[in-house]
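Protein chains in written order, with our numbering: chain A, 1173 to 1248; chain B, 516 to 863. A virtual CB, placed ideally from N, CA and C, is assigned to each residue, including glycine.
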Amino acid sequence: MKHQLNARRLLCPLPVIRTQDKIATLKTGDLLEVICTDPGVKSDIPVWCRMNGHQIQNIQEQDGEISITISVQNSP
Amino acid sequence: MSKQPKAVALISGGLDSLLAVKVIQEQGVYVEGINFFTGFCVEGHTHAVRKKQQNKPKRNNALWVAEQLGIKLHIIDIVEEYKDIVLNPKHGYGANMNPCLDCKGFMVKKATEWIEAHHFDFVITGEVVGQRPMSQRHDTMPVIAAESGCGERLVRPLCGQLLPPTLAEKEGWIQRDKLLSFSGRNRTPQIRLAKRYGFVDYAQPAGGCCFLTDQNYSKKLLDLWQHRPTRNYTLDDIILLKMGRHIRPKPYFKLIIGREEGENNFLRGYRKEFTHIYATSHTGPLVLLDGKWLNDEDRTLSLRIIARYTQGKNADTVSLDVVDKNGNSQTFTVSPLQANNILHDWYL
Ligand code: SF4
């Protein structure tokens, strides 16, 4: 299932916190698209995903918005 | 084989917590990290917003530290609960509005609750005896251990040899002679140890780990409290105190003036919560009105101050749009105030 998280206008580390809390409610294989405006997420969300075993599928930037799609790898 | 002991470490993103975890990892303990987000953290915010800093690499130092150590990091939002610590610190404030002793006690208490819920064995902090005037003194460090409920389960690896033995030492999970005996404000031992471990490019924040130790920030926070019916605050309130130039010409309103493009863009995001003002005849900042104007003189004074911060500061007149929260806009033309007519006391 694909989910979306609106993290626009949130400054780091809040987009990471919201991503972390959202992912805790998802299942392995779910996709989460996080939409942010703080450029710090381009480094922070991938680092957080690496340390928790989730995979970044895509990072796109357009008109000041950054969209990061994560493939959730939660243990059962 | 006995089970591998597990610890959780408070990770601020600075050098001390990085080293403290490393010292414990070297003894075979499994470690995860916790970083508490209070809203006052030096991390992120202004760094993320200000355009002129955008050529510097942006990273969250707590995440960076955790990645260097190869540990998981849990970032926990404590903004709401933390208000009581800032508003009513039992042990009072430090040199500025920093309630360090209550803050450390609260964070260790939260970490203790975490280890109990997750079946971990002890808590690690990067505290050093004598390093901070309030929370890291020989007489106050036991207060943190006692009031947090962590007690003997609190390990401070960087100065552990100077403190009474902890549960982790008594149980043989870690060896006391492998702990360190750092004390005082001299950072040389930490820098030497970082070099030995091969850590480079770590963050070295001056002062403290949060804005509450900053004199200018504290002044703005006190001003906010003095001019509101209650001292309660929102996350937006405390973030806005980090942004822009704050000028209070009257007790019932202040102006928040963007200092550069990044801040202007950020402040524009609040246009549905505040009246905002910008010059139309010249290039200039985006300004938020916090409070309200009681009469035309208040408005004219504000617009003349703002005109002073536009490229038309030496022009005869500057035109500005005032847009209320609902998007209703009015244009006014004023003469910019001379610099010496903006009273020193108005600057926060
Ligand atoms: S500097 Fe800030 S975060 Fe650090 S102990 Fe003091 S009040 Fe807490």
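(message) Between A:ILE1189 and chain B, is the shortest Cβ-Cβ distance under 9 Å, so that the two count as touching?
(response) It does; some Cβ of chain B falls within 9 Å.
(message) I'd like to check one pair, B:SER817 with B:THR832: are the Cβ atoms closer than 9 Å?
(response) Not a contact, by the Cβ cut-off of 9 Å.
(request) Check whether the Cβ of B:MET622 lies closer than 8 Å to any heavy atom of the ligand SF4, and answer yes or no. (result) Distance from the C-beta of B:MET622 to the nearest heavy atom of the ligand SF4 is below 8 Å.
(message) So the candidates are B:ILE762, B:ASN829, B:CYS615; which of them puts its Cα closest to the Cα of B:PRO604?
(response) Cα-wise, what sits closest to B:PRO604 is B:CYS615.
(message) Is it the case that the region 1205-1225 of chain A contacts the region 572-582 of chain B, given that we only count it when at least three CB pairs across the two stretches are under 8 Å?
(response) Output reads yes: the region 1205-1225 of chain A touches the region 572-582 of chain B.
(request) Evaluate B:HIS633 with the Cβ neighbour count: other Cβ atoms within 10 Å of its Cβ, from every protein chain shown; 16 or more gives buried, anything less gives exposed. (result) The residue in question, B:HIS633, is exposed, as its Cβ has fewer than 16 Cβ neighbours within 10 Å.
(message) Let me confirm a value: B:SER868 is counted as buried when at least 16 other C-beta atoms fall within 10 Å, else exposed. Which label applies?
(response) In the structure as shown, chain B begins at 516 and stops at 863. Residue 868 of chain B is therefore absent and cannot be evaluated.
(request) Answer yes or no: the CB of B:LYS619 versus the heavy atoms of the ligand SF4, is any distance below 8 Å? (result) True, at least one ligand heavy atom lies under 8 Å from that Cβ.
(request) Quick one: which residues of the region 1173-1199 of chain A get their C-beta closer than 9 Å to a C-beta of chain B? List them in chain order. (result) Under the 9 Å Cβ criterion, the region 1173-1199 of chain A contributes ARG1180, ARG1181, LEU1183, CYS1184, PRO1185, LEU1186, VAL1188, ILE1189, ARG1190, GLN1192, ASP1193.
(message) Cβ closer than 9 Å: which chain B residues qualify as neighbours of A:ASP1235?
(response) Here the premise fails: no neighbours, minimum Cβ distance about 12 Å.
(request) Could you spell out where the beta strand (DSSP E) holding B:HIS791 opens and where it closes? (result) Following the DSSP letters along the chain, one finds B:HIS791 inside the beta strand (DSSP E) bounded by residues 790-794.
(request) Provide the residue span of the alpha helix (DSSP H) that contains B:ALA718, from first to last. (result) Neither: B:ALA718 is in no alpha helix (DSSP H) and is coded neither H nor E.
(message) Does the contact criterion of 3 or more C-beta pairs under 8 Å hold for the region 590-607 of chain B versus the region 1178-1196 of chain A?
(response) Result yes; three or more Cβ-Cβ pairs closer than 8 Å.
(message) Can you give me the C-alpha to C-alpha distance between B:TYR767 and B:SER663, rounded to a whole angstrom?
(response) Taking the straight line joining both Cα atoms gives about 40 Å.
(request) Count the other C-beta atoms from every protein chain shown that fall within 10 angstroms of the C-beta of B:VAL802, then say buried if there are 16 or more, exposed otherwise. (result) The C-beta of B:VAL802 has 16 or more other C-beta atoms within 10 Å across all chains shown, which makes the residue buried.
(message) Tell me the rounded alpha-carbon separation between B:TYR717 and A:GLN1176.
(response) Using only the alpha carbons, I get a separation of about 34 Å.
(request) Answer yes or no: does any C-beta atom of chain B fall closer than 9 Å to that of A:VAL1206? (result) Taking Cβ atoms only, chain B never reaches closer than 9 Å to A:VAL1206, which makes this a no.
(request) Compile a chain-ordered list of the residues in the region 580-597 of chain B whose CB is closer than 7 Å to at least one CB of chain A. (result) Listed by position along the chain: ALA581, GLU582, LYS587, LEU588, ILE590, ASP592.
(message) Classify B:ASN810: buried if its beta carbon has 16 or more other beta carbons within 10 angstroms, exposed otherwise.
(response) By the neighbour-count rule (16 or more Cβ atoms within 10 Å), B:ASN810 is not buried but exposed.
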